[in-house]
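**Student:** Mind looking over this structure? Questions follow.
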């Protein structure tokens with residue numbers, strides 16, 4: 027579908043607004059990940075909701091970009107689109123910077139969760155050995171007796 031100049035401008039503006047919304051979501055991801063306890067189910071749900079919302083925005087942008095691409099291929103609106111591309115690139119660069127910080131925090135958080143999980147597994151193993159629920163190979167792990 028080839029757009030008129032007014033329709034093209036409206037779609038380019040809409041695309042820019044959607045990228046701005048993605049930037050806002052990315053910043054909310056960063057705040058959410060930086061401030062809260064990652065073992066909290068509500069946090070995980072909120073994080074997933076933001077991801078779902080971001081996916082919807084990206085799908086809308088994809089639809090807009092198809093219409094823009096068809097119009098640019100068949101018209102003389104390339105200069106107009108190129109001006110919008112510069113603004114869009116600035117927003118995308120900001121999104122990438124925010125996402126990079128978020129991924130760093132996510133990796134750090136994942137490492138902390140992994141360490142806690144390993145510690146929990148060791149504690150469970152020791153508890154089971156203490157209560158005689160696992161075979162210790164005939165070797166006692168504890169010098170006291172369970173009472």
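Numbering (our numbering), first residue to last: 27 to 173.
Each residue gets a CB set at the ideal place from its N, CA and C atoms; glycine is no exception.
1) Between residue 94 and residue 38, how many whole angstroms is the CB-CB distance? I'm expecting something under 8 Å.
2) Rounded to whole angstroms, what's the CA-CA distance from residue 53 to residue 143? Just pull it up for me.
3) Give the straight-line distance between the Cα atoms of residue 50 and residue 57, rounded to the nearest whole angstrom.
4) With C-beta atoms as the reference, is residue 103 less than 8 Å away from residue 31?
5) In angstroms, rounded to a whole number, what distance separates the CA positions of residue 122 and residue 129?
6) For residue 141, which three-state DSSP category applies?
7) Along the chain, where does the alpha helix (DSSP H) that runs through residue 262 open and close?
**Tutor:** In short, the structure shows the following:
1) The residue given as residue 94 occupies position 68 in the chain shown. The residue given as residue 38 occupies position 12 in the chain shown. That pair is a contact at about 7 Å.
2) Working through the chain shown from its first residue, we reach residue 53 at position 27. Working through the chain shown from its first residue, we reach residue 143 at position 117. Rounded to whole angstroms, the separation of the alpha carbons of residue 143 and residue 53 is 28 Å.
3) Residue numbering aside, residue 50 sits at position 24 when the chain shown is read from its first letter. Residue numbering aside, residue 57 sits at position 31 when the chain shown is read from its first letter. When rounded, the distance between both Cα atoms is 11 Å.
4) As a working mapping, residue 103 is identified with position 77 in the chain shown. As a working mapping, residue 31 is identified with position 5 in the chain shown. Cβ distance < 8 Å, so residue 103 and residue 31 count as in contact.
5) Taking the chain shown and counting its residues from 1, the one referred to as residue 122 is at position 96. Taking the chain shown and counting its residues from 1, the one referred to as residue 129 is at position 103. So the two alpha carbons sit approximately 10 Å from each other.
6) Position 115 of the chain shown, counting from 1, holds the residue named residue 141. If DSSP states are grouped into helix, strand and coil, residue 141 belongs with the helices.
7) Absent from the model: residue 262. The displayed extent of the chain is 27 to 173, so no value can be given.
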